[in-house]
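J.: So the sequence shown is numbered by the working numbering: it starts at 40 and just counts up by one. Idealized CB from N, CA, C, for every residue including glycine. One structure follows; several queries about it will come next.
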Amino acid sequence: MGACYNALTMAQNQSTLSFLGGAGSVTGAHFLLETGKQKILIDCGLLQGGRYGMDENYEDFPYDPSTIDILFLTHAHADHIGRVPKLVRDGFKGVICSTPATRDLSEVMFEDAVRILADEANKRGVSPLYEPEDIGSAFELWQTHDYHQDFEIGDDIHAQFLDAGHILGAAMVEFEREGVKFVATGDLGNSPAPLLRDTEELKGVHYLLMESVYGDRAHEDREDRVGLLKDAILNTHKGNRTLLIPSFAMQRTQILLYEINKMVEAGEVPEIPVYLDSPLASKVTEVYRRYTHLFNDRVREEISSGDDIFEFPKFTIVGDSKESHALLNAPTPKVIIAGSGMSVGGRVLMHEKKLLGDKNTTILFVGYQGVGTLGRRIQDGERLVTIGQKQVRVRARKETIRGFSAHKDRDGLVAFVETSADTLREVFVAMGEPRSSLFLVQRLRDFLGVQARAPEAGEAIQLEF
Ligand SMILES: [Zn+2]
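Below you can see the structure in the form of structure tokens.
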């Protein structure tokens with residue numbers, strides 16, 4: 040009865056939601072919502088296999104960027120923001136909206152990327168995807184809104200950011216128009232998480248556009264990750280070894296520092312030199328320090344009781360590349376955390392070149408290693424790898440901790456949708472490999488009885504919104 044009543048009295052607005060990127064694939068999130076007078080983009084991500092050089096990133100957008108009114112950014116991972124400066128370069132003059140933390144992290148990410156893009160363009164003999172002035176122009180269009188700050192964007196549509204719990208500043212975007220709610224999730228955090236708050240519960244949502252990176256997989260017991268990390272540090276200390284951790288600059292590194300800080304200060308591991316050798320991760324950590332009010336209650340209590348959660352005895356932030364090279368001669372035992380997380384660039388390559396041939400080194404993988412990346416080849420047990428021009432015989436010990444994921448797993452995703460199951464008209468499952476998306480679609484139908492589908496790239500769907 041209630042549902043019929045709603046259907047009769049709600050205004051029948053019509054919108055079109057187009058899946059321009061991030062449909063049938065994890066990366067390149069890019070969605071267009073046309074509501075009548077407004078053209079709204081959600082995310083403008085890079086297609087990547089950890090690389091910028093994919094030709095698709097250089098293609099024209101399938102619309103005229105100058106006609107877009109507003110761009111919402113869910114969070115500062117490259118596969119959600121990576122093409123923003125190109126969008127601006129191609130004529131976008133609307134408003135860019137994000138949380139303040141996403142804005143600050145985006146700044147750090149763009150500045151890092153622009154250097155890599157210039158190098159890559161040089162090698163390929165093409166012009167770069169974007170240049171520093173495009174980044175400057177993007178920030179002139181940028182507006183920030185805190186979580187739960189309601190604002191109107193035209194066409195009688197209200198918007199607000201909700202905490203997604205994925206990385207610092209990550210947000211779901213909730214749009215409301217005459218009683219109908221449409222939410223785009225961006226990526227959803229693996230709550231409860233070490234630093235951040237839990238993903239907010241959704242209520243009364245009618246249309247949901249959601250991620251499905253781990254739509255078909257369950258995470259291993261998350262308690263294991265801290266125990267495994269502790270064992271790795273204890274073994275490094277006892278054996279007078281080197282522990283090399285290739286780490287993603289954003290969030291993974293801050294969680295490692297936070298966990299090591301706790302272990303050292305609780306006396307669970309001996310004091311051991313830990314080096315953070317990643318200029319990008321160091322800058323990201325500085326942003327995290329500015330937004331400690333966004334951390335969960337437990338961490339905020341630790342901070343207010345006087346703990347600096349990213350600082351502990353014998354911890355060093357490595358400066359220029361000369362200091363980085365000097366690490367080779369720093370006495371063992373030692374821990375080196377360096378980027379990039381999949382060994383596709385960054386200072387970790389120099390360390391791998393020097394250390395992989397050394398039986399006294401352990402390389403510890405703490406994140407997903409993409410197919411074809413150097414990290415994956417080492418993890419898979421290749422004996423001989425090429426780094427730069429050099430062939431390196433791998434003698435180092437290899438270990439992996441899988442429990443650090445920043446995404447919900449298949450059960451977490453279903454539980455997330457369940458709180459809105461009564462009102463949902465349809466769920467659009469995207470931002471995952473096809474297998475993963477289709478598995479989640481089936482589970483949402485079977486377990487919750489909601490309408491769900493995984494749209495194909497390029498598909499446009501009519502919403503009563
Ligand atoms: Zn993400």
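Can you tell me which of K429, G225 and G345 puts its alpha carbon nearest to the alpha carbon of H119?
T.: Translated into positions along the sequence shown, residue 119 becomes position 80. Nearest option by C-alpha distance: G225.
J.: Looking at C-alpha atoms only, which residue of H116, D129, D461 and R464 is the closest neighbour of I107?
T.: As a working note, residue 107 is residue 68 in the sequence shown. Looking at the Cα atoms, D129 is the closest of the given residues.
J.: List the whole-angstrom C-beta distance separating V431 from D143, where the pair is believed to meet the contact cut-off of C-beta under 8 Å.
T.: As a working mapping, residue 431 is identified with position 392 in the sequence shown. As a working mapping, residue 143 is identified with position 104 in the sequence shown. Wrong, their Cβ atoms sit about 37 Å apart, outside the cutoff.
J.: Let me have the residue list for ligand 1: C-beta closer than 5 Å to any non-hydrogen atom, ordered along the chain.
T.: Per the Cβ criterion, the list is H116 and D226.
J.: Quick check: what's the CA-CA separation for Y253 versus K447?
T.: What you label residue 253 is simply residue 214 of the sequence shown in a count that begins at 1. What you label residue 447 is simply residue 408 of the sequence shown in a count that begins at 1. Rounded to whole angstroms, Y253 to K447 spans 7 Å at the Cα level.
J.: Could you give the C-beta distance for L112 and T66, rounded to a whole number, given that I count them as a contact under 8 Å?
T.: For the purposes of this step, residue 112 is taken as the residue at position 73 of the sequence shown. For the purposes of this step, residue 66 is taken as the residue at position 27 of the sequence shown. Actually they do not touch by this definition, with Cβ atoms about 15 Å apart.
J.: Could you say which of F334, G193, L85 and D158 lies nearest to Q77 if we only look at CA atoms?
T.: What you label residue 77 is simply residue 38 of the sequence shown in a count that begins at 1. The candidate whose alpha carbon is nearest that of Q77 is G193.
J.: Determine the DSSP secondary structure at A499, reduced to helix, strand or coil.
T.: By 1-based counting over the sequence shown, the position of residue 499 is 460. DSSP places A499 in strand when its eight states are reduced to three.
J.: Taking just the CA atoms, how far does L423 sit from R449?
T.: As a working note, residue 449 is residue 410 in the sequence shown. As a working note, residue 423 is residue 384 in the sequence shown. Their backbone Cα atoms lie some 36 Å apart in a straight line.
J.: Report back the beta-carbon spacing between L282 and I272 to the nearest angstrom; my notes put them in contact at under 8 Å.
T.: Stepping through the sequence shown from its first residue, residue 282 is reached at position 243. Stepping through the sequence shown from its first residue, residue 272 is reached at position 233. Indeed they touch by this definition, with Cβ atoms about 7 Å apart.
J.: What distance in whole Å lies between the Cβ atoms of L333 and L248, which are believed to be in contact at a cut-off of 8 Å?
T.: As a working note, residue 248 is residue 209 in the sequence shown. As a working note, residue 333 is residue 294 in the sequence shown. That belief does not hold up - the Cβ atoms of L248 and L333 are roughly 24 Å apart, past 8 Å.
J.: Which residue's Cα is closest to the Cα of G411: M381, K398 and C83?
T.: Here residue 411 corresponds to residue number 372 of the sequence shown, with the count starting at 1. The candidate whose alpha carbon is nearest that of G411 is M381.
J.: If Q290 and I206 are in contact, beta carbons under 8 Å, what's the gap, nearest whole angstrom?
T.: Position 251 of the sequence shown, counted from the start, is the residue given in the question as residue 290. Position 167 of the sequence shown, counted from the start, is the residue given in the question as residue 206. That pair is a contact at about 5 Å.
J.: Suppose you measure from the CA of Q199 to the CA of A445; what does that come to, to the nearest Å?
T.: Start at 1 with the first residue of the sequence shown, and residue 199 comes out as number 160. Start at 1 with the first residue of the sequence shown, and residue 445 comes out as number 406. Roughly 22 Å between the two C-alpha positions.
J.: Buried or exposed, going by whether 16 or more other CB atoms sit within 10 Å of the CB of G471?
T.: For the purposes of this step, residue 471 is identified with residue 432 of the sequence shown, where counting begins at 1. Buried is the call here.
J.: So with Cβ pairs under 8 Å, would you call K76 a contact of chain C?
T.: Of the protein chains in the structure, only one exists, and it is not chain C.
J.: Jot down the residue ranges of each uninterrupted alpha helix (DSSP H) in the stretch 349-400, minimum 4 residues, whole runs only, in chain order.
T.: Whole alpha helix (DSSP H) segments, 4+ residues: 360-365 and 387-394.
J.: For the stretch 288-341, which segments carrying the beta strand (DSSP E) assignment without a break, of at least 3 residues, lie completely within its bounds, in sequence order?
T.: With a minimum length of 3 residues, the continuous beta strand (DSSP E) runs that stay inside the stretch 288-341 are 313-316.
J.: Put K76 into one of helix, strand or coil per three-state DSSP.
T.: For this step, residue 76 is matched to residue 37 along the sequence shown. Note: K76 maps to coil in three-state DSSP.
J.: What first and last residue would you give for the alpha helix (DSSP H) that runs through M148?
T.: Working through the sequence shown from its first residue, we reach residue 148 at position 109. Start and end: P139 to R163.
J.: Please work out which residues of its chain come closer than 6 Å, Cβ to Cβ, to T439, disregarding the five sequence neighbours upstream and downstream, and give them in chain order.
T.: Here residue 439 corresponds to residue number 400 of the sequence shown, with the count starting at 1. Taken in chain order, the residues that qualify are F404.
J.: For I81, collect the residues of the same chain with a Cβ closer than 6 Å to its Cβ; drop the 5 residues on either side in sequence, then sort them by chain order.
T.: Residue mapping note: residue 81 aligns to position 42 of the sequence shown, counting from 1. Answer for I81: F70, F111 and A223, listed in chain order.
J.: How is V489 classed by DSSP in three states: helix, strand or coil?
T.: Translated into positions along the sequence shown, residue 489 becomes position 450. The answer is coil: DSSP assigns V489 none of H, G, I, E or B.
J.: Excluding the 5 residues preceding and the 5 following V17 in the sequence, name in chain order all residues of the same chain whose CB lies nearer than 7 Å to its CB.
T.: With the chain covering only 40 through 504, there is no way to say anything about residue 17.
J.: Taking G414 as part of the alpha helix (DSSP H), name the residues at either end of that continuous run.
T.: On the sequence shown, position 375 is the one that residue 414 refers to. Per DSSP, G414 belongs to the alpha helix (DSSP H) from L413 to Q418.
J.: Indicate whether the contact test is met: 3 or more Cβ pairs, each with one atom in the stretch 152-172 and one in the stretch 299-315, closer than 8 Å.
T.: Not touching, per the Cβ criterion.
J.: Got a sec, what are the start and stop residues for the alpha helix (DSSP H) F124 sits in?
T.: Working through the sequence shown from its first residue, we reach residue 124 at position 85. According to the sequence provided, residue 124 is Pro. The question's Phe does not apply to it. Taken as a continuous stretch (DSSP letters only), the alpha helix (DSSP H) holding P124 covers V123 to R128.
J.: Quick one: using the 10 Å Cβ neighbour count with 16 as the cut-off for buried, is R216 buried or exposed?
T.: Taking the first residue of the sequence shown as position 1, residue 216 is located at position 177. By the 10 Å Cβ count, R216 comes out buried.
J.: Nearest CA to the CA of A62: which residue from E495, I500, E503 and F131?
T.: The residue labelled residue 62 in the question sits at position 23 within the sequence shown. The shortest Cα separation from A62 among E495, I500, E503 and F131 belongs to E495.
J.: Find out if the Cβ-Cβ distance for the pair E250, T458 is shorter than 8 Å.
T.: As a position in the sequence shown, residue 250 is number 211, starting the count at 1. As a position in the sequence shown, residue 458 is number 419, starting the count at 1. No.
J.: In three-state terms, what does DSSP make of A469?
T.: Looking up residue 469 in the sequence shown gives position 430. Of the three classes helix, strand and coil, the one that applies to A469 here is coil, per DSSP.
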